[in-house]
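Under our numbering, the first residue of the sequence shown carries the number 24, and numbering increases by one thereafter.
In this text, a Cβ means the ideal position worked out from N, Cα and C, and glycines have one as well.
Below you'll find the structure, written out as structure tokens, and then a few comments.
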Amino acid sequence: MKSPIRFTKEFDTLSNPFYENDTTQFSLNDPISIRRTVTGPARTSVRPHFHNTLELVYFYDGKGGTVSVDGVTHQYHARDIIVIRPYAMHGYTLVSDAQRFLLCKIEVSYLNELFGNAVIRADMRAVVDALCRLIPVQRPAAGLVRALEAMRGDRATIIGRFLELGELIKPMSGAAPASEGASAFGHLLAYLDKHYHSKIRLSDAASHTGLSKYYFAHRFKAIYGVSFMDFVTKIRLSKAENLLRYTDRSVGDIALSVGFSDLAYFTRMFRKYRGKTPREFRAQTVALFPRL
């Protein structure tokens with residue numbers, strides 16, 4: 024049984040402005056993370072990033088701010104809920120610090136594997152799809168926040184409570200608007216998250232979205248603020264960080280496994296974006312968080 028929810032610091036540790044290097048440990052028996060958190064002191068923004076989890080954020084208090092989701096900016100206030108579908112690019116501007124909020128992260132791939140029963144899996148996919156179609160910022164339906172706070176327990180309990188969300192969100196507004204190209208790029212980000220270690224060319228990415236190479240490059244940078252190839256490099260470096268932090272694999276092996284064919288180039292890019300070499304990063308990480 025998990026311990027009671029406590030408030031912890033959040034929104035002040037995103038070192039990567041594009042791909043969130045989330046260290047939440049999901050598993051087949053634990054596909055949902057729930058915690059009450061608070062924004063850090065003097066924190067005014069969270070730079071645009073994306074992740075592969077479905078995320079629901081409910082603000083208990085504070086003066087609110089804005090959240091940008093796939094290039095569309097929304098205002099949020101205390102007692103609003105924010106729904107971030109997997110791979111949506113999003114960032115925050117905070118009007119006040121010390122905003123308390125509930126953070127619910129759902130690892131959809133594990134959630135779909137909890138039961139072999141086809142009917143239950145279809146029901147769960149329907150709830151996920153309904154959550155992803157919600158307008159990103161709105162007032163939560165009655166009972167929704169309490170249901171999220173109670174999303175804890177054994178596997179059967181979690182499944183039952185998750186399926187209840189499908190009924191609770193029915194009164195909420197759906198059909199979330201998307202910026203130009205956001206839907207196609209969202210599918211592309213999901214593809215990159217799974218194939219970052221493969222050879223990826225700009226022309227292939229453009230074909231994946233159905234756009235010409237030149238228009239794709241222009242729209243991608245306009246929406247995400249960085250060139251496509253720089254974006255791919257940042258994803259690979261984030262994946263490399265996890266391997267440096269949590270494994271004993273050699274730096275050369277890690278470089279190859281995340282898509283760098285040249286160790287010297289990997290080291291140069293790591294230093295450029297992280298301010299230190301991969302070996303320096305690993306030594307510093309192990310010193311701060313010794314492995315058990």
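Candidates Arg-66, Ser-280, Leu-186 and Phe-82: closest to Val-142 by CA position: Taking the sequence shown and counting its residues from 1, one reaches residue 142 at position 119. Out of Arg-66, Ser-280, Leu-186 and Phe-82, Leu-186 has the C-alpha closest to the C-alpha of Val-142.
Member of Ile-246, Asp-177 and Pro-64 whose CA lies at the smallest distance from the CA of Thr-96: Translated into positions along the sequence shown, residue 96 becomes position 73. Among Ile-246, Asp-177 and Pro-64, the Cα nearest to that of Thr-96 belongs to Ile-246.
Do you know offhand how far His-74's Cα is from Val-106's? Here residue 74 refers to the residue found at position 51 when the sequence shown is read from its first residue. Here residue 106 refers to the residue found at position 83 when the sequence shown is read from its first residue. Going by the C-alpha atoms only, they are around 13 Å apart.
To the nearest angstrom, report how far apart Phe-283 and Lys-262 are at their CA atoms. Within the sequence shown, the letter at position 260 stands for residue 283. Within the sequence shown, the letter at position 239 stands for residue 262. Answer to the nearest angstrom: the Cα atoms are 12 Å apart.
Please report the distance separating the alpha-carbon of Gly-183 from that of Phe-289. Position 160 of the sequence shown, counting from 1, holds the residue named residue 183. Position 266 of the sequence shown, counting from 1, holds the residue named residue 289. Looking at the two C-alpha atoms, the distance is approximately 46 Å.
Based on Cα-Cα distance, which residue from Ser-56, Pro-54, Val-80 and Lys-193 lies nearest to Thr-62? The residue labelled residue 62 in the question sits at position 39 within the sequence shown. Minimum Cα distance to Thr-62 is reached at Val-80.
Determine, using beta carbons only, whether Arg-66 and Leu-117 come nearer to each other than 9 Å. As a first step, residue 66 is located in the sequence shown; it is residue number 43 there, counting from the start. As a first step, residue 117 is located in the sequence shown; it is residue number 94 there, counting from the start. Yes, the Cβ-Cβ distance between Arg-66 and Leu-117 is below 9 Å.
Do the segment 120-134 and the segment 52-60 meet, that is, are 3 or more Cβ pairs less than 8 Å apart? The segment 120-134 makes contact with the segment 52-60, as at least three CB pairs between them are under 8 Å.
Can you tell me whether DSSP reads Lys-295 as helix, strand or coil? Here residue 295 corresponds to residue number 272 of the sequence shown, with the count starting at 1. Assigned with DSSP and collapsed to three states, Lys-295 falls in helix.
Is it the case that the Cβ atoms of Gly-298 and Leu-286 are separated by a distance below 9 Å? Walking along the sequence shown from the start, residue 298 turns up at place 275. Walking along the sequence shown from the start, residue 286 turns up at place 263. No.
Beta-carbon gap between Thr-12 and Tyr-110 smaller than 9 Å: Shown here, the chain extends from 24 to 315; a query on residue 12 therefore has no answer.
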